[in-house]
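Chemist: Residue numbers (the numbering used here), protein chains in the order written: chain H, 962 to 1073; chain S, 304 to 418.
My questions will all concern the structure given below.
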C-alpha cells in the first residue's frame, strides 16, 4: 500500500545547530512533496516544496533534498531557533488530484 | 487576505449528538479538503470537494459522516450520532487548482471532543 513515514518520532537539537528531518515515501508515482510545520494548537503551515524533477531546493534557512532512487526526502534547517520547535510533516502528492498524503510527523525540540 | 477560516474552533458534544464543522476557503479557492488528526498522529485525508461536487470521499467513514460544499456558503463536515472515537482535530484546507502547485492552505482546525 501507499505510505509516507518518518524515521524518528522526536528530534532534540541545540539552539544554533542544524537540524535534519528525514522522511521515506513508498509511492514511486509521487511527483510533488511538501514539508509542513505544525505548532501546538494550530494548523499545518507550508514550509517548502519540491517537485520530482529536482534534487534540491532551498528556502530561507531551510533546504529540502529529494532522493528518488531510495524514495527519501529530508528537511534541513540551518541555525535552528526556538521558534522552530514544532511537529514537522512530510507529505506527498501523486499528482493526479492533489490529495496530499501525510506522514506521521516528527517533533522537533530546540534546547536553549 | 483572510486565510482558511474554520469554526467552531472547539466543539463539545455528547455521544449521539450531531457535530457540524464549517470551513470557508481562502478567497478565490474553489477546492476544499477535510483532514482528521488524532492526538499524536498525522493528518488523514477524508474528503475533497469542489463547489457543489464531491470529488474524492475515499477517506470518509461509510456511516455517520457527510460533507458538502454548496454554491454559496462554507463547506460543512457533518458527523451524526457522534461517538468518543470521533474526538479529534478536523482540519480544512483549500487550494486554487488552477495553479496546480498542489499546495494546500490549512485552517486552524476544529477540535471536537465527545463526552
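Beta carbons are placed, not taken as given, at the ideal position from N, Cα and C, and that holds for glycine.
Just to confirm, are residue 332 of chain S and residue 378 of chain S a CB contact at a threshold of 7 Å?
Modeler: Counting from 1 along the second chain, the entry for residue 332 of chain S is found at position 29. Counting from 1 along the second chain, the entry for residue 378 of chain S is found at position 75. Cβ atoms of residue 332 of chain S and residue 378 of chain S: not closer than 7 Å.
Chemist: At 3 residues or longer, what runs of the beta strand (DSSP E) sit wholly inside the segment 976-1025 of chain H?
Modeler: 980-986, 993-999, 1006-1012 and 1017-1019
Chemist: Using a C-beta to C-beta distance shorter than 7 Å, which residues of chain S count as neighbours of residue 1073 of chain H?
Modeler: The residue given as residue 1073 of chain H occupies position 112 in the first chain. Ordered by position in chain S, no residue passes the 7 Å Cβ test against residue 1073 of chain H, which lies about 25 Å from the chain.
Chemist: Spell out whether any CB of chain S is found under 7 Å from the CB atom of residue 1055 of chain H.
Modeler: For this step, residue 1055 of chain H is matched to residue 94 along the first chain. Chain S, which has no Cβ nearer than 7 Å to the Cβ of residue 1055 of chain H, makes this no.
Chemist: Interface residues of chain H around residue 314 of chain S at Cβ under 9 Å?
Modeler: Translated into positions along the second chain, residue 314 of chain S becomes position 11. What residue 314 of chain S touches in chain H: nothing, since even the nearest Cβ is about 15 Å away.
Chemist: Assign residue 318 of chain S to one of three DSSP states: helix, strand, or coil.
Modeler: One-based indexing of the second chain puts residue 318 of chain S at position 15. Coil, per DSSP.
Chemist: Can a CB atom of chain S be found closer than 7 Å to the CB of residue 994 of chain H?
Modeler: Position 33 of the first chain, counting from 1, holds the residue named residue 994 of chain H. Not flagged as an interface residue toward chain S: residue 994 of chain H, since no C-beta distance is shorter than 7 Å.
Chemist: With C-beta atoms as the reference, is residue 1036 of chain H less than 7 Å away from residue 1048 of chain H?
Modeler: The residue labelled residue 1036 of chain H in the question sits at position 75 within the first chain. The residue labelled residue 1048 of chain H in the question sits at position 87 within the first chain. Contact: no.
Chemist: Any idea if residue 1054 of chain H is buried or exposed, counting beta-carbon neighbours within 10 angstroms, 16 or more meaning buried?
Modeler: Taking the first chain and counting its residues from 1, one reaches residue 1054 of chain H at position 93. So residue 1054 of chain H counts as buried.
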